[in-house]
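K.L.:
Numbering (mature numbering (1 follows the signal peptide of the UniProt record, and there is no 0)), first residue to last: -23 to -1, 1 to 928.
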């Protein structure tokens, strides 16, 4: 296997960044058949990677350089690129004497020029010097080829006190809502033009540091000084601000490109994300796979080619290095949690007699400092090591409320695999090692919840067929990976969650009636957590364990001895609540307790982990895991954490949960939208156009759900409902934007509707996209159409994308009132109950522009119109290699083709008298100049306030 470089020196040279490897784990490069270089150069501007001859440390002396522990990857935005590297790490565990590290700080270095790279490196070195010393158990200075030997020596000699033996990565503390709201300082330009680039995301601002203020046109906000962040126990954030300031010179402006405008904010979020103590790596252990699957990568392939892509979080950022075959520089990162605890089993006097030939007795798990003196002196001790690893999936990633349920490929939100490993501290191969896997994930149905309510009711989406397809895909993939499945649902059996739970059971029954999963039925246990544990009696979760105990025993756990699997886990418990956080954490801890008790029983130790206060470390380890997963999904620690840690619940824990709930609510409506766009971009699921969408809507689309498929389904559904006559031939359907009120041009907000064309009429359908139902439709007979206009259709000038005349195009169909036209609304049954004269009054009362006077300067008589605006092309979605999709056809051409389709239908209609002159005319509907005249200061002000709140 090609060796991973354990340390790198990054040098800002004249023609590019030089990356020089100082230590290699495994066989060294340049050894005959493997001619991979341990030094490379990343050229400025082009990011071309060039292998370099073997360099010495002496050759790099006197240069502007920084030593790092590995790379996160290369972040490219618009025409700018940045090398993200690991400057600080913390050892959190060791597996078979192989250290496991958490990333605690990263540096963001621009690859645009030597001057900018030098400044970023200098700032990063300053931060490293001011941060706390590296918390590794073993040092990697002058690491030899067999680097793990040194690490093993250090770990073996470490003290065994309980405080030193609890390893886990502690996330940054979450500030209060008051800090987030009051302490953020934002400056206005004209209508807050650079609003997003002037705020720190999720970090309380520190004191203003004069040295950090540059002359960048992007960012004139107060910088967070390293001293300020250090006093809060958080990574210093100055470097990303300074990097963002050095990215652009006065002669290198990004213009109206939203991606470049949001670049400083993206860089800050990137630095914050990868410095959050939630990313883990190992140089010689595959963290993405379970313990018994480690043998799979001990071959000639590099680590990045054998890791499970489901948990390879920086794969997209590493794509440039992967394409160039620089295997030694590609360090896979795992997001989730890694924690470890060594504990001692102290036996009774009978167990002491057993060591001299006596009988077997019940043992107790005790911390060293808590064991009674009599037990310490007389009973033999047995040491064990418990390791907890949680792996977050890169499929359907994101934040609470913005990623819920399932996507088209069967991936669910907040999917996390958790492995609990029991071993002896020295990992003696002749002793048993136990591995137990669990899984959490959102309910595999299409649903959403509003972020604007404390207890939002879940809303189901799409048809039963669409849900059943995604549901089956999800569980078939789980069965392929894990075998049999026991699903456990912890949602309520009443109020808002009831309907979703019932649908879960209904789709499970449908799947089983169709043969299950490859002939194996899906097992589903619905445990109403809040009802069963009413009165904060969370210990009642043991009832759940009892209900599925036979299944737990059937599935078992994996046992490895002498490198071979003795017993194999045959299935997995998949647990969910609404968020897969708080209730799920309590239940998974209970299942983990069942597994540990059974494994220790195999070792001859009969214990009850829940019955002794000395076992609180087990609860703490699981609570730390719950907090980490919760912070990654909801930006706060987990609720009910006091019970998970102490097995007790009181009013103080309830008050703490209330505060966390408020903080979650604030993040849901303020921070999460841009954070979601960043996550999707860093994983390569979207292109830079996602930032254009964010600037317009202050929201992001879901790349896991096919918008084209949803829109086609809406067209098909509308056809079945609104085309009543079997004699009408369907000619075409499109999804468009329309003003909220009929017979108007600019009633905001615009709604997405369905436009249908038959050989007899045009149908304008208002569609409910959540329930897949037609709310109303208007039928316009082709014989009543007098004119069709297409052209520029500007409905807002608040962003560059909205005021682009080439991409904002629409059409207007002008027609005469008549008995052949109809408007019908859905009031359980479709009926005509809206008169055209009422629509006239609605349009007049709204003060909207009259189309005829707008286009012709004349008064309206019996003429009506319906307006449509072309939907923006789906440019934000991206494939890993092909880049953004859509946008290849100009919007004007797209809209013009629709107009001519309608005209051809009119000409071919029976009894239609069509003049030789075309009814289609290219004429601006709302030009940019007219839109500017009609956009008032109030509209600007409302938008600016909205941006400042949602930034």
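Every residue, glycine too, gets a C-beta built ideally from N, C-alpha and C.
What beta strand (DSSP E) runs, 3 residues minimum, are completely inside the stretch 700 to 737?
P.N.:
707 to 715 and 728 to 735
K.L.:
If you draw a straight line from the alpha carbon of residue 545 to that of residue 493, how long is it in whole angstroms?
P.N.:
23 Å
K.L.:
How big is the Cα-Cα spacing for residue 729 and residue 553?
P.N.:
33 Å
K.L.:
Grab the span of the beta strand (DSSP E) containing residue 762 for me, first residue to last.
P.N.:
762 to 769
K.L.:
Should residue 30 and residue 17 be called a contact, given that it needs their Cβ atoms to be closer than 7 Å?
P.N.:
No. Outside cutoff.
K.L.:
How big is the Cα-Cα spacing for residue 470 and residue 377?
P.N.:
Residue 377 has its alpha-carbon roughly 22 Å from the corresponding atom of residue 470.
K.L.:
Exposed or buried, residue 87, counting other C-beta atoms within 10 Å across all chains shown (16 or more means buried)?
P.N.:
buried
K.L.:
Given a cut-off of 7 Å, decide if residue 54 and residue 308 are closer than it, judged by their beta-carbon atoms.
P.N.:
no
K.L.:
Identify which residue in 92, 245, 67 and -10 has its Cα closest to the Cα of residue 61.
P.N.:
For the residues 92, 245, 67 and -10, the minimum Cα distance to residue 61 belongs to 245.
K.L.:
Between 357, 526, 565 and 20, which lies nearest to residue 416 when the distance is taken from Cα to Cα?
P.N.:
565
K.L.:
Check residue 84 in the structure and name its three-state DSSP category.
P.N.:
strand
K.L.:
Taking Cβ to Cβ, would you say residue 929 is nearer than 7 Å to residue 70?
P.N.:
Coverage of the chain is limited to positions -23 through 928, which leaves residue 929 absent and any answer about it impossible.
K.L.:
Determine the burial state of residue 704: buried for a count of at least 16 other Cβ atoms within 10 Å of its Cβ, exposed for fewer.
P.N.:
Residue 704 should be labelled exposed.
K.L.:
Helix, strand or coil: how does DSSP classify residue 917 here?
P.N.:
helix
K.L.:
Suppose you measure from the CA of residue 549 to the CA of residue 683; what does that come to, to the nearest Å?
P.N.:
30 Å
K.L.:
At the level of alpha carbons, what is the spacing between residue 249 and residue 256?
P.N.:
11 Å
K.L.:
Going by the C-beta, is residue 317 closer than 6 Å to any heavy atom of the ligand MN?
P.N.:
Of ligands this structure carries none, so the ligand MN is not represented either.
K.L.:
Considering only C-alpha positions, which residue in the set 74, 89, 72 and 51 is nearest to residue 83?
P.N.:
51
K.L.:
Going by DSSP, what residue range makes up the alpha helix (DSSP H) through residue 420?
P.N.:
Per DSSP, residue 420 belongs to no alpha helix (DSSP H) and is neither H nor E.
K.L.:
Which of the three DSSP states is assigned to residue 800 in this structure?
P.N.:
strand
K.L.:
Shortest alpha-carbon distance to residue 745 belongs to which of 769, 785 and 691?
P.N.:
691
K.L.:
Since residue 771 and residue 792 are thought to touch, with beta carbons under 8 Å apart, how far apart are those beta carbons, to the nearest angstrom?
P.N.:
Incorrect: roughly 24 Å between the Cβ atoms, too far for contact.
K.L.:
Here's the rule I'm using: 16 or more other beta-carbon atoms within 10 Å means buried, otherwise exposed. How should residue 915 be labelled?
P.N.:
Classification for residue 915: exposed.
K.L.:
Strictly by DSSP, which residues pair up with residue 790?
P.N.:
765 and 843
K.L.:
Restricting to Cα atoms, I'd like to know which of 735, 845 and 526 is closest to residue 760.
P.N.:
735
K.L.:
Within 10 angstroms of the Cβ of residue 707, are there 16 or more other Cβ atoms? Answer buried if so, exposed if not.
P.N.:
Classification of residue 707: exposed, given that the 10 Å Cβ count is below 16.
K.L.:
In the DSSP assignment, find the unbroken beta strand (DSSP E) run with residue 16 in it and report its ends.
P.N.:
Residues 16 to 20.
K.L.:
For residue 360, which residues in the same chain have their Cβ closer than 7 Å to its Cβ, ignoring the five residues on either side in sequence?
P.N.:
Spatial neighbours of residue 360 in its own chain (CB-CB distance under 7 Å, excluding positions within 5 residues in sequence) are listed in chain order as 319, 321, 401 and 402.
K.L.:
Once the 5 residues before and after residue -8 are set aside, which same chain residues still bring their CB inside 6 Å of it?
P.N.:
18, 19, 20 and 21
K.L.:
On the criterion of 16 or more Cβ atoms from any shown chain inside 10 Å, does residue 202 qualify as buried, or is it exposed?
P.N.:
Residue placement at residue 202 cannot be trusted, given a pLDDT of 33 that sits under 50; what the coordinates show is reported in the next sentence. Classification of residue 202: buried, given that the 10 Å Cβ count is 16 or more.
K.L.:
Can we say the stretch 595 to 609 touches the stretch 562 to 581, given the rule of at least three CB pairs closer than 8 Å?
P.N.:
Note that the stretch 595 to 609 touches the stretch 562 to 581; at least 3 beta-carbon pairs, one per stretch, sit closer than 8 Å.
K.L.:
Rounded to a whole number of angstroms, what is the C-alpha to C-alpha distance between residue 442 and residue 458?
P.N.:
25 Å
K.L.:
Taking 7 Å as the cut-off, decide whether the C-beta atoms of residue 576 and residue 446 are in contact.
P.N.:
No; because the gap between Cβ atoms is not below 7 Å, this pair is not in contact.
K.L.:
Taking the alpha-carbon positions, what's the residue 521 to residue 555 distance?
P.N.:
17 Å
K.L.:
In the DSSP assignment, what residue or residues form a beta bridge with residue 28?
P.N.:
According to DSSP, which records beta bridges pairwise, residue 28 is partnered with 17.
K.L.:
CB residue -20 to CB residue -3, shorter than 7 Å?
P.N.:
no
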